[in-house]
Every structure is written in C-alpha cells, then in structure tokens.
Amino acid sequence: MDTPRHPLADGNRFQRAYYRWALPHYENIGRDDPVLRERVELADIYLYTRSGLGAWAGWWLVLIGGALALQGQGASWVAAVGATLLIWGGLTSVLLVAWLAPAKVNPRQLMLKFLLGAVAGAVAMTLVLMALKGMPESLDLDRLLRVLRVVGPLAIGILLLLAFVARAGQAARDNQLARLQLVAERDASARAAAQADLRLLQAQIHPHFVFNTLATLQHWVDRRDDRAGPLLRELTGFLRRSTEMLGRPTVPLGDEAQAVRHYVAILSARLEGRLKGEVDIDPALVEQPLPPGLVLTLVENAVAHGLEPKIGDGHLWLSAKREPGGRWCVRVDDDGLGLAPEAQDRVGLANLRQRLAHHFGDRANFSLQRRPGGGTRAEITLQDAP
Numbered sequence: 001m002d003t004p005r006h007p008l009a010d011g012n013r014f015q016r017a018y019y020r021w022a023l024p025h026y027e028n029i030g031r032d033d034p035v036l037r038e039r040v041e042l043a044d045i046y047l048y049t050r051s052g053l054g055a056w057a058g059w060w061l062v063l064i065g066g067a068l069a070l071q072g073q074g075a076s077w078v079a080a081v082g083a084t085l086l087i088w089g090g091l092t093s094v095l096l097v098a099w100l101a102p103a104k105v106n107p108r109q110l111m112l113k114f115l116l117g118a119v120a121g122a123v124a125m126t127l128v129l130m131a132l133k134g135m136p137e138s139l140d141l142d143r144l145l146r147v148l149r150v151v152g153p154l155a156i157g158i159l160l161l162l163a164f165v166a167r168a169g170q171a172a173r174d175n176q177l178a179r180l181q182l183v184a185e186r187d188a189s190a191r192a193a194a195q196a197d198l199r200l201l202q203a204q205i206h207p208h209f210v211f212n213t214l215a216t217l218q219h220w221v222d223r224r225d226d227r228a229g230p231l232l233r234e235l236t237g238f239l240r241r242s243t244e245m246l247g248r249p250t251v252p253l254g255d256e257a258q259a260v261r262h263y264v265a266i267l268s269a270r271l272e273g274r275l276k277g278e279v280d281i282d283p284a285l286v287e288q289p290l291p292p293g294l295v296l297t298l299v300e301n302a303v304a305h306g307l308e309p310k311i312g313d314g315h316l317w318l319s320a321k322r323e324p325g326g327r328w329c330v331r332v333d334d335d336g337l338g339l340a341p342e343a344q345d346r347v348g349l350a351n352l353r354q355r356l357a358h359h360f361g362d363r364a365n366f367s368l369q370r371r372p373g374g375g376t377r378a379e380i381t382l383q384d385a386p
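So the sequence shown is numbered by UniProt numbering: it starts at 1 and just counts up by one.
Written out as structure tokens, the structure is:
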C-alpha cells in the first residue's frame with residue numbers, strides 16, 4: 001500500500017518550498033523523538049494550510065495592537081513595531097515549545113527568567129520613554145514603579161499561560177502515545193490473527209486424516225468393497241468444503257456443519273461404525289458467519305483426544321442454538337475419555353481462542369469442560385453485535 005502524501009508536499013508553491021526546507025528537520029527530529037516529529041508536522045500542516053488562517057489573523061492582530069499601544073505611549077513606529085515583534089515573537093516561540101515539547105518547560109526556571117526579564121524590560125522601557133520625552137535631571141522612580149506594576153502581573157499571567165499550555169501539551173502528547181500504542185497493539189493483534197489463520201490453514205490440510213482415509217479407500221478398492229464408493233464421495237465432499245471455507249474470511253455456520261457431517265461420516269466408515277455423530281443446528285443460525293474452521297477444529301479435537309483413544313463405541317454431538325439475552329452458542333459434546341485434569345490448550349485450541357478474540361473481541365467466549373454425562377464439552381458463546 002502506498003504511503004499517503006504529505007499535505008504540504010502537494011500544496012501551492014510556498015507550501016512545497018516550505019516542505020522541502022522542513023523535511024530534513026523532520027528527519028532529524030524523528031531520529032531522536034518520533035512522537036515529537038509527528039507533533040511538529042501536525043502543527044506545520046495546521047499553520048501552513050487554510051486551517052491555520054484564523055491563528056495567523058489573531059497573531060497579527062495582537063502584534064498590531066501591541067505596536068499601537070506602544071506608539072500611543074510616545075514610542076516611534078519603528079521602535080513600537082520592533083519591540084512588539086520581539087516580545088510577541090519570543091512569547092509565541094516559547095508557547096510553541098511548551099505545546100510541542102512540554103518536558104522542556106521548567107516552571108521554576110521560567111518564573112526566575114520572567115521575573116528578571118520583567119524587571120529588565122520595565123527598566124529598559126522606562127529609560128526609552130524617558131529618552132524620547134527628554135531625560136530629566138533625576139530618574140523618575142514613580143514612572144518606573146508604575147511600569148513595574150503593569151509588567152509584573154503581565155509576566156505572571158504569561159507564566160501561568162505557559163504552564164497551562166505545557167500541561168495541555170503534555171496531555172495531548174500522552175493521548176498521542178496512547179493512540180500509537182493502541183495502533184501498535186491492534187497491528188500486533190492483526191499479525192497474530194493472520195499467523196493463527198496461516199497455522200490453521202496449514203493444519204487444516206489434514207495430512208494424517210487424508211492419508212489414513214486414502215489408505216482405507218485403497219484397501220477397499222483393491223478388495224472391491226462396496227463401501228469404497230460412499231467413502232470416496234464423503235472424502236471428496238469434505239475436501240471441497242474445507243478448502244473452499246479456508247479461502248474466505250467468514251463462512252456460514254451451515255457450511256461448517258456440512259463439513260462436519262462429511263468428516264464424521266468418513267471416520268464412522270473407517271472405524272466400522274464405532275463412531276456415531278449427530279448435527280443439530282437451529283435454522284435461524286444456519287447463515288450466521290464464523291471464521292472458517294472453528295467448529296471443525298473442535299470436532300477434530302474431540303475425536304483425536306476423546307473418541308479415537310476410547311475402547312468401544314463413541315458418540316459426538318454438534319449443536320447450535322439461541323439463548324436468552326441476544327446470545328447464541330455452538331457446542332461440541334463427546335462421550336470419550338473426558339478432559340484430563342492437567343489438560344492444556346494445544347495448537348488448535350490456542351489458535352481458536354486467538355481467532356475468536358480477533359474477530360469478536362469481548363463478545364466471544366470459549367470454554368472447555370467435563371461433560372455432565374461423561375466426556376468433554378467444548379462451547380463457543382457469542383453475543384450479538386449491538
């Protein structure tokens with residue numbers, strides 16, 4: 001999949017020129033802090049596209065208003081614009097740093113710097129105004145104090161603004177990190193589910209099952225046994241169903257049930273009737289979509305670990321029904337050897353749990369337990385989507 005183009009790279013001549021200038025700086029920032037790079041790029045996209053026109057208009061209004069205020073105090077236009085540009089431009093830069101890299105903003109250091117700067121600025125401004133209006137014989141301390149009374153609260157207000165911007169920037173950065181972590185976890189989950197699907201696809205080739213069935217089929221053909229024809233039809237139907245299902249993201253429950261019927265019929269023929277199976281699917285659930293191979297995995301697990309090792313006849317039941325509360329369940333019961341006390345998930349069941357979590361999240365639950373009448377019960381319970 002192609003990487004989306006940067007909005008500035010496809011913009012007007014100014015935007016393209018700015019992007020070419022900024023790209024090396026983005027890369028330098030990204031080597032040390034990828035999160036900061038994303039924040040800087042987002043800020044640039046906002047400021048240098050139509051979205052930021054309001055911010056630029058406000059910035060220029062403050063600059064013009066400040067210059068007019070100084071000019072009204074007797075400063076020349078050049079001095080007023082220069083002083084306002086220096087103060088407002090510096091404050092804007094500090095606010096951007098507080099927003100983009102809040103960890104670099106130290107409130108105590110800022111307090112000291114602003115207090116010293118406020119005093120120095122007040123003294124300098126007083127001297128400039130006094131020089132413009134004529135230097136008196138002695139320093140006008142009352143005027144200096146009046147300026148300090150204005151500049152002091154202003155400096156404290158700016159400090160509080162910086163602290164607020166830094167706190168908001170840190171909260172935005174934390175949200176960004178949480179989002180990136182969520183995306184990484186989601187991608188990891190998707191990769192794990194894809195790997196589980198691949199492992200299931202490889203496992204569902206049924207090498208032992210197919211080879212054993214073919215060996216039985218060859219033996220019956222050689223003996224001209226009438227059971228060879230029905231067995232071949234069941235094997236063909238099973239392979240067609242299972243391979244078609246595994247090529248799709250989801251399959252109707254009815255298709256899985258039909259594959260199970262073929263599977264049980266083949267095993268029943270091979271085991272000379274020792275295995276019997278029943279399939280009972282609620283008609284309302286026949287078209288219910290499921291990831292392919294889930295039900296077949298439960299049936300194979302029941303046969304391999306419960307019924308085949310059992311001496312004597314065995315029975316398997318596959319059922320699906322609706323339950324109260326918008327839930328429905330798929331259940332595989334067998335009367336085999338039963339669940340061992342130390343039993344753990346093997347590859348098939350581990351993949352099954354992984355795929356259920358990926359496709360349904362918290363709406364799915366899988367349980368494996370001893371069956372009340374003997375044997376094992378495997379059950380998938382699903383909650384309807386809201």
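No residue lacks a Cβ here, since even glycine has one placed at the ideal position from N, Cα and C.
By a beta-carbon distance limit of 8 Å, Leu100 does not contact Ala168. Their separation comes to about 11 Å.
Apart from the 5 residues on each side of it in sequence, Arg371 sits with its Cβ closer than 8 Å to the Cβ of Asp333, Asp334, Asp335, Gly338 and Arg377 in its chain, given in chain order.
For Ala378, the enclosing beta strand (DSSP E) begins and ends at Thr376 to Gln383. Relative to the Cα of Leu285, the nearest Cα in the group Leu47, Gly314, Leu352 and Lys321 belongs to Lys321. Comparing alpha-carbon positions, the option among Val35, Arg270, Ala357 and Trp60 lying closest to Thr216 turns out to be Arg270. Beta bridge pairing from DSSP links Glu278 with Trp317. Secondary structure note for Asn365: its beta strand (DSSP E) is the uninterrupted segment Ala364 to Arg370. Approximately 20 Å separates the beta-carbon atoms of Ala385 and Arg353; this is outside 8 Å, ruling out the contact.
DSSP places Arg331 in the uninterrupted beta strand (DSSP E) bounded by Arg327 to Asp334. Residue pairing from DSSP places Glu323 in a beta bridge opposite Arg327. DSSP, reduced to helix, strand and coil, places Leu63 within a helical segment of the structure shown.
Runs of the alpha helix (DSSP H) lying entirely within the stretch 20-67 and spanning at least 4 residues, in chain order: 34-47. Sequence-distant Cβ neighbours of Tyr18 in its own chain, meaning closer than 8 Å and more than five residues away, are Leu8, Asp44 and Tyr48. Taking C-beta atoms under 8 Å as the contact rule, Glu300 and Pro252 fail to qualify, at a distance of about 20 Å. With contacts defined by Cβ atoms closer than 7 Å, Trp317 and Glu379 do not form a contacting pair. The beta carbon of Ala259 sits closer than 7 Å to those of Phe238, Arg241, Ser242, Met245 and Leu296, all from its chain and outside the five residues before and after it, given in chain order. Less than 7 Å divides the Cβ of Ile266 from the Cβ of Glu234. With a 10 Å radius around the Cβ and a threshold of 16 neighbouring Cβ atoms, Glu256 comes out buried.
Here Leu275 is buried, its C-beta having at least 16 other C-beta atoms within 10 Å. In the DSSP assignment, the residues bridged to Val251 are Leu290.
A distance of 7 Å or more separates the beta carbons of Pro283 and Thr250. The three-state reading of DSSP puts Ala101 in coil, since its state is none of H, G, I, E or B.
In the same chain as Val35, and ignoring 5 residues on each side of it, the C-beta atoms closer than 8 Å to its own belong to Arg173, Gln176, Leu177 and Leu180, in chain order. A check of alpha carbon separations from His315 across Ala80, Val303 and Pro324 identifies Val303 as the nearest.
Ala98 sits away from Ala80, with the two beta carbons spaced by 7 Å or more. Just so you know, the alpha carbons of Val40 and His25 end up roughly 10 Å apart. Counting the other CB atoms within 10 Å of its CB gives Leu294 a total of 16 or more, which places it among the buried residues. DSSP, read as helix, strand or coil, puts Glu256 in helix.
Per DSSP, the unbroken alpha helix (DSSP H) holding Gly237 starts and ends at Ala228 to Met245. The three-state reading of DSSP puts Leu271 in coil, since its state is none of H, G, I, E or B.
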